[in-house]
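Trainee: Those sequence lines, one after another, are chains H and V. With my numbering, you'll find the first sequence wraps up at 789, consecutive numbering, no jumps. With my numbering, you'll find the second sequence wraps up at 789, consecutive numbering, no jumps. Cβ coordinates follow ideal geometry from the N, Cα and C atoms, glycine included. Let me give you the structure first, and then I'll get to my questions.
There are 2 protein chains.
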Amino acid sequence: MTHQNLQYNTGTGSLENWLITETVFDPDLLGKCEAIFSLGNGYMGQRAATEERYAFETRNLFVSGTFNKFADNEVTELPNAPDVLWLDLKLDGQRFSLERGKILHYERTLNIKEATLTRRLTWEAPNGQKFDLAFYRFISLDDLHVIGQRIEVTPLDSDLTLSILSGIDGQVTNSGAQHFLEGEKRFFDNQYMRMVQTTHESNIDFVFHTAHTFSCAGKTFEPNRHICMDRRRIFLDYEGINIKKGNTLVIEKISNLFTSRDRHWIDKPYDVEQLKSNGLAHVKEIHSLGFKGLLENHKKAWQEKVWKKVPITITSTNPMDQLSIRFAQFHLTGMTPAHDNRMNIGAKGLSGEGYKGHCFWDTEIFILPYYMYTNPKVARSLLEYRYLSLPGAHKKAKENGYQGAMFPWESAWLADGEVTPVWGAADVVTGKASKIWSGFIQYHITADIAYATWQYYQITGDEDFMLQYGYELILDTARFWVSRLEWNQEKEEYHINDVIGPDEYKEHVNNNAFTNYASHWNIKKAMEVYDFLKEHQKELFEKLNLKLGLEDTYRAWMDKVDKIYLPQPREDLVIPQDDTYLTLKTIDLTKYKQQETVGGIHRDYNTEQISQIQVSKQADIMVLFYLLEDLFDQDVKRANWEYYEPKTLHASSLSLSTHCVLASDMGDKELAYQLFLRIHGIDMGPNMKTSDHGLHAASLGGLWQSVVNGFGGVRMHNGKLRISPQLPGAWSRLTFEISWYGDILEVDATDEEVILTKKTNVNDSIKLEVYGEEVELVEQLKVIKT
Amino acid sequence: MTHQNLQYNTGTGSLENWLITETVFDPDLLGKCEAIFSLGNGYMGQRAATEERYAFETRNLFVSGTFNKFADNEVTELPNAPDVLWLDLKLDGQRFSLERGKILHYERTLNIKEATLTRRLTWEAPNGQKFDLAFYRFISLDDLHVIGQRIEVTPLDSDLTLSILSGIDGQVTNSGAQHFLEGEKRFFDNQYMRMVQTTHESNIDFVFHTAHTFSCAGKTFEPNRHICMDRRRIFLDYEGINIKKGNTLVIEKISNLFTSRDRHWIDKPYDVEQLKSNGLAHVKEIHSLGFKGLLENHKKAWQEKVWKKVPITITSTNPMDQLSIRFAQFHLTGMTPAHDNRMNIGAKGLSGEGYKGHCFWDTEIFILPYYMYTNPKVARSLLEYRYLSLPGAHKKAKENGYQGAMFPWESAWLADGEVTPVWGAADVVTGKASKIWSGFIQYHITADIAYATWQYYQITGDEDFMLQYGYELILDTARFWVSRLEWNQEKEEYHINDVIGPDEYKEHVNNNAFTNYASHWNIKKAMEVYDFLKEHQKELFEKLNLKLGLEDTYRAWMDKVDKIYLPQPREDLVIPQDDTYLTLKTIDLTKYKQQETVGGIHRDYNTEQISQIQVSKQADIMVLFYLLEDLFDQDVKRANWEYYEPKTLHASSLSLSTHCVLASDMGDKELAYQLFLRIHGIDMGPNMKTSDHGLHAASLGGLWQSVVNGFGGVRMHNGKLRISPQLPGAWSRLTFEISWYGDILEVDATDEEVILTKKTNVNDSIKLEVYGEEVELVEQLKVIKT
């Protein structure tokens, strides 16, 4: 499944390391580029299915936050919205399909800089006629509701009569689940088409409009057309379009999409008629601007909002390093609903049906650092989402007999609470579907959210956020933890039994080290917050005391926190991942370590059997070392690495970046670089089956963490900024910018020195630690590595 | 769109005129053969999608009577059940698809006699390797729950390593509408797979089981496999199957399907666990019988239940004539739920999503004659369906402010009542969806059902049916009609205004001739029934009087029936189809008469505009002449034919057969034959776009009517059998059998004479009219045409 279908070096000049090009069309491997070439603007994301259709494609358009539940025995998910990309060409009666005729030239290029997807090809139809075809598209970052397409058709060796079917297709589903009720279908002026659909459980109206423009040799014209409606489809049937040999027909298809969940309606009474008429007026406006005008605005927005704002330069012997960090930023931007604090980032972004658009701890632990250090407003919005989700977290706590905020393992719309599916893949032993326990017992996410809240505060100094949301989040999560602790009479300790830690191969374990430490941290931090508020924010303290019963809870924290069992290193310095891991049998894992596709072990063992083997899906103790680095010394970290890494299959895309950053922390920058190269491959690499269900959002965040927190050595450490760049041998220079307490700092590092420049003047100076040395940055300073 | 992809003469010897062969694979024209090669047994029907998948295919499996409504703003429909045909082959890593590589040989053959579909081909894979592939399948007529498939793979020029994905795929929808909730997915012994799905509104459980057998060179073996579950999918992934060059791998896939709507549960409490365990036990049983054994039973069933029971021989210079009548019988058998009187025949049978599995007057007027004359038990079951649907008819009458039984224009499950969709295709003038008025005002179906009830009785003499169901149907429908009549003070007549008659191009007309005459007939017949029951069936009379308030209604019938306005021939003998038709403008219809695809006029005019033109979709007055032949003399019939036929676009498949039988009636047997040839073409002909949405059930019945009622001249006339064969020039002999009052009569006709043989002895003799002459048939008699 590894093919040389992808090229990463097609960009030159100002586009160097900005392009990824698919050079071979393979109808069996559509999923890869559908995902990695997907386009998005945080409002919506569209998989890169082609205009024409193929049997094994997946056509997806997702709109952030528009969750719907198909049925009571399924969980809510982002519905696959009607497909506006659809455009079928018939060239002298021959349907255009790359499975037929011959492909004389083919290239499809994602331009990361401009956020456009371009396909250029020369096709020999089954009857021998040859055509140049080009397809351009973008999802606007300037106007979040706009989808632009441009198609060019050039007959090369004879005149052409073309017919076209193009419209909006609502027959798409989420792997068979239809989330929409059919609504209005209508044409205006035989030109603008409208489709209205409504999610059947959550009652969200989607309003689509589409318009076409035709031109040839610089002249626009109106081809003959028939208006057509079919079930869940509205389209135009254009017939008899004649193009002279060598001339190019240009078709522009400009579409928009608005929903009743749009933030627009948050402070006014919703009116579907208004939504529809706004949409129609808007499509007329963007149609008149045309593809080119809309594209210019879109490109400008990317330049301003992303590339100028968050520049990262890697000077490497391997140009892929630069490309990959841009790829990560590109897709993080496309999948992050920065416009709306009621929404979060799905584990597959908006690029596939995988994980149903739900967010996980992936956001807090793997993605938020990117935004905290580069775009704190977005980080804040994503944390506000957790605050707004408190009703769901309370519901979950109550359902499980606990107190406080027990955050859902998977989260969708705010008050939904837990939305993790209960049944998964086939169990090789029983022949039944396996039960997924994460939604019940993967508790640590609650501490992860508290941790990220505190981290955000320490990096940004955003006291306003803390007063409105942050302190309460830390207190309320600690309320959960103290209610979750179990007294072990024999050991006279508090235990947390029957959990899943970060390593999801170990279900129903007792005292997962990560979970216990995280819980302990959360309660300790809540106690600090309590003391601080009582002393310095009396009004807020009273309010929260009333709401959360803080005084009683504080007593429980006091009683219990120091009695939480925190697994310590054994004599060999290995920390037991949980009460039983180190006692389990070991097997030869070579076969599974080598497998290209993850999850291979499930073909030989069921979940219960895997639970009985010393094998890990992903980093577990390592995440603990990363998040609470002070608690363990280098020897312990090294010993655990050596014990656990060989048993870790990295079958989660969350695993490698943690290992990469830790390798940097341990000073092993070449090992870190080897891991970094493997992270590239998770989505961007040549294995054509990696991304069928969508991009790996956390691994994109992890890529940035590896560069900035790992090689760049940037860390918030006990409230202080620390910068210790450690460039791998392949890199001669790394420059990036970070945000710290409202100031923008440029970091320009080589292996010998680092130059820091404070580009703004929010703070007079910033105290920080560079290469272990305390320094004060006023305007610029250079620190030589010792 | 007319292609020479189909051959009708591939059958030789005992298979002469039994085969239809597709000789060219065209991925853009899949719909035609999916429909005409569909297989069914009345319990279920399966469109002939291929094992491998294509972008423009439609995979349909429908189970009679299992209606479900996707949403309140849609109508109930037969849900597209999970696909068990699915089987993907990978030949040395190359996915088998006829869009790729080269097709060196291709033939797909429907064997009508054995009800099997066979595909044989030689495929050159993209890498140049060649393979013989063969695919066989049937849907058992012996055991209605069985689907059998057999696949053969032979590598021709090198050894082969094969991998296979095969299972049950519930991701299919009805054009995007998902009717099923996911249920249990489970493997037994890593071999038998189960999928349970439940319709989400009607709560019908579907239980599928599938099992595979592999053999090569006569030896069965068990290939390596992985069990896989995906959303709405369960399948086995077979890997590494090695086949030596020239050897043939045989795969048998045997599947079954049971539902909670099965008649099995009609008299016992339903138990889903029992349904599942029955299904598993059954699949083990049929799996052990194997494809061959199951196929033998299936072939025997077709021989016994269809071909021996209803033989028809046409000796014609055009062999298509024989083939086409077999084609009609084949598909009528496949689509008729003869096993269950709670079900009826969909207008597209079970072969496509068109008309959603609903039944129309198509059953009573176009299909029932076939069963009345050949298999009265089935005819009775279909009429019992209408009786069981009375609650729906009462509901509709009530909703519309009428009394009695107002039968729905489209009918689905018994108590559903009216299920005609309200919105249809795009209106070329307004740009909105057109409103479909048939469900509101196409009243005549109520009389059509009464007519068929009486006709059934007259042909079968089934008094038991009449006492249980038939009389009540005639009385209750007449109750509706009398409540529907409107008094016209000016003319002192009863009118029926604002209707749609058989000609659906004329909406909202007053006094459609067919409707008024049919209503009049219905009331008159009810009065006869009333008199008869009062005199001879006092007990039943009292019961019905109590139930229906007959005495009051009878007074209303008496008052009104003779004042119903029955349009009379004008001076030129033309009968006005309705009050305004003859006053409308005329346009040149040449363009629309010639169009290959029906409905072309809707691209230029909307429904309202078409209502203002003298143009008809289909036979209207002609149906009146056919059903109530005595009311009009030959001159009137001829004059109306000449007036209306040129204005009739035959845009309904119900149109041609009526014209064909009438042409026979008018003595114009060559015109009749020309029309008969056009009926062939509706589904079977070379136009590859005719049947995309499914077969035309009424036209298949019409084909039989054209042969037996038309050319065979068989008619029930005032309770007496009349036989006046009029063979067209191309035919030298026509033999068939009909059932009359329980006896089987063989009719053996040439253009000169007819030999009648009474093959059974229920009645001592049968009095009938042959060529206008009264005769009495005891054993056999020959009548020479004069």
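Is it buried or exposed for W490/V, if we count other Cβ within 10 angstroms and need 16 for buried?
Mentor: Exposed, since its Cβ has fewer than 16 Cβ neighbours within 10 Å.
Trainee: Whole angstroms are fine: how far does the CA of L239/H sit from the CA of R140/H?
Mentor: Cα to Cα, R140/H sits roughly 20 angstroms from L239/H.
Trainee: So L184/H contacts chain V; which residues on that side make the cut at Cβ distance below 7 angstroms?
Mentor: By Cβ distance, chain V contributes A74, N76.
Trainee: With burial defined as no fewer than 16 other Cβ atoms inside 10 Å of the residue's Cβ, what is the status of I269/V: buried or exposed?
Mentor: Exposed.
Trainee: Please list the partners that V175/V has in chain H, where partner means a Cβ-to-Cβ separation under 8 angstroms.
Mentor: Per Cβ cutoff of 8 angstroms: G179.
Trainee: Output the boundary residues of the alpha helix (DSSP H) element that contains Y195/H.
Mentor: That residue, Y195/H, is in no alpha helix (DSSP H); its beta strand (DSSP E) goes 195–202.
Trainee: Can a CB atom of chain H be found closer than 8 angstroms to the CB of I230/V?
Mentor: Closer than 8 angstroms to some Cβ of chain H, the Cβ of I230/V qualifies, so yes.
Trainee: Just verifying my parser: in three-state terms, what is the DSSP assignment at M338/H?
Mentor: Three-state DSSP puts M338/H in a helix.
Trainee: Is the CB of H290/H under 8 angstroms away from at least one CB in chain V?
Mentor: So, not an interface residue.
Trainee: Go ahead and pull the three-state DSSP assignment for G243/H.
Mentor: Three-state DSSP puts G243/H in a strand.
Trainee: In this structure, does DSSP put M232/V in helix, strand or coil?
Mentor: M232/V falls in the strand class under three-state DSSP.
Trainee: Would you verify that the beta carbon of D31/V is, or is not, closer than 8 angstroms to some beta carbon of chain H?
Mentor: Taking Cβ atoms only, chain H reaches closer than 8 angstroms to D31/V, which makes this a yes.
Trainee: Using the Cβ count rule (16 or more neighbours within 10 Å means buried), how would you classify E55/V?
Mentor: E55/V should be labelled buried.
Trainee: Measuring only from the beta carbon, is L547/V closer than 7 angstroms to any heavy atom that is part of the ligand GTP?
Mentor: With respect to the ligand GTP, the structure offers nothing, as it holds no ligand at all.
Trainee: Check P379/H in the structure and name its three-state DSSP category.
Mentor: In the structure shown, P379/H sits in a helix (DSSP, three-state: H, G or I).
Trainee: Quick one: what does DSSP say G170/V is sitting in, helix, strand or coil?
Mentor: Strand.
Trainee: Could you tell me which chain H residues have their CB closer than 7 angstroms to the CB of V431/V, listed as they occur along the chain?
Mentor: Result: I230.
Trainee: Which residues in chain H have a C-beta closer than 7 angstroms to the C-beta of R863/V? List them in chain order.
Mentor: The structure shown does not extend to residue 863/V, since chain V is modelled only from 4 through 789, so no value can be given for it.
Trainee: On the CB-based measure, 16 or more other CB atoms within 10 Å of its CB, does T223/V come out buried or exposed?
Mentor: Under this definition T223/V is an exposed residue.
Trainee: Would you be able to state if there are at least three C-beta pairs under 8 angstroms between the segment 447–459 of chain V and the segment 418–438 of chain V?
Mentor: Short answer: they don't touch.
Trainee: Is DSSP giving S218/H helix, strand or coil here?
Mentor: In this structure, S218/H counts as strand in the three-state DSSP scheme.
Trainee: For Y533/V and L33/V, I'd like the C-alpha separation in whole angstroms.
Mentor: If you take the alpha carbons of Y533/V and L33/V, they lie about 53 angstroms apart.
Trainee: Could you please tell me which residues of the segment 195–222 of chain H, in chain order, have their CB closer than 7 angstroms to any CB of chain V?
Mentor: Those would be H203, in chain order.
Trainee: Would G200/H and A214/H be called neighbours here (beta carbons separated by less than 8 angstroms)?
Mentor: With the sequence shown as reference, residue 200/H is identified as Gln, and Gly is not the correct amino acid for it. Not a contact, by the Cβ cut-off of 8 angstroms.
Trainee: How many angstroms separate the CA atom of M4/H from the CA atom of L165/V?
Mentor: Low confidence applies here, because M4/H scores a pLDDT of 47, under 50, leaving its location unreliable; read the following figure in that light. Rounded to the nearest angstrom, the two C-alpha atoms are 16 angstroms apart.
Trainee: Quick test of your reading: F190/H and G434/V, contact by CB under 8 angstroms. State the CB separation rounded to the nearest angstrom.
Mentor: Going by Cβ atoms, the distance from F190/H to G434/V rounds to 3 angstroms, so yes, they are a contact pair.
Trainee: From what residue to what residue does the beta strand (DSSP E) around L393/H run?
Mentor: Note, L393/H: premise wrong, no beta strand (DSSP E); alpha helix (DSSP H) at 393–402.
Trainee: Kindly indicate the opening and closing residues of the beta strand (DSSP E) around W484/V.
Mentor: Note, W484/V: premise wrong, no beta strand (DSSP E); alpha helix (DSSP H) at 474–487.
Trainee: Once DSSP output is grouped into helix, strand and coil, what is the label at D555/H?
Mentor: Here D555/H sits in helix by DSSP.
Trainee: Measure how close the beta-carbons of H447/H and P505/H come, nearest whole angstrom, since I'm counting them as under 8 angstroms.
Mentor: Rounded, the Cβ-Cβ distance is 7 angstroms, consistent with contact.
Trainee: Could you tell me how far apart the beta carbons of H182/H and T202/H are, in whole angstroms, since I believe they sit closer than 8 angstroms?
Mentor: 5 angstroms between Cβ atoms; contact.
Trainee: Report the residues of the segment 101–123 of chain H with a CB closer than 8 angstroms to any CB of chain V, ordered along the chain.
Mentor: Those residues of the segment 101–123 of chain H that come within reach of chain V (Cβ to Cβ, closer than 8 angstroms) are E102, R103.
Trainee: Name the chain H residues that come within less than 9 angstroms of G170/V, Cβ to Cβ?
Mentor: Correct list: empty, because the minimum Cβ distance to chain H is about 11 angstroms.
Trainee: Between R50/H and chain V, is the shortest Cβ-Cβ distance under 8 angstroms, so that the two count as touching?
Mentor: By this cut-off, R50/H is not an interface position.
Trainee: Hey, quick one: how far does the beta strand (DSSP E) through E187/V stretch, first residue to last?
Mentor: Unbroken beta strand (DSSP E) run through E187/V: 183–191.
Trainee: Pair every Cβ in the segment 71–82 of chain H with every Cβ in the segment 90–100 of chain H, then say whether three or more of these pairs are closer than 8 angstroms.
Mentor: Too few Cβ pairs lie closer than 8 angstroms, so no.
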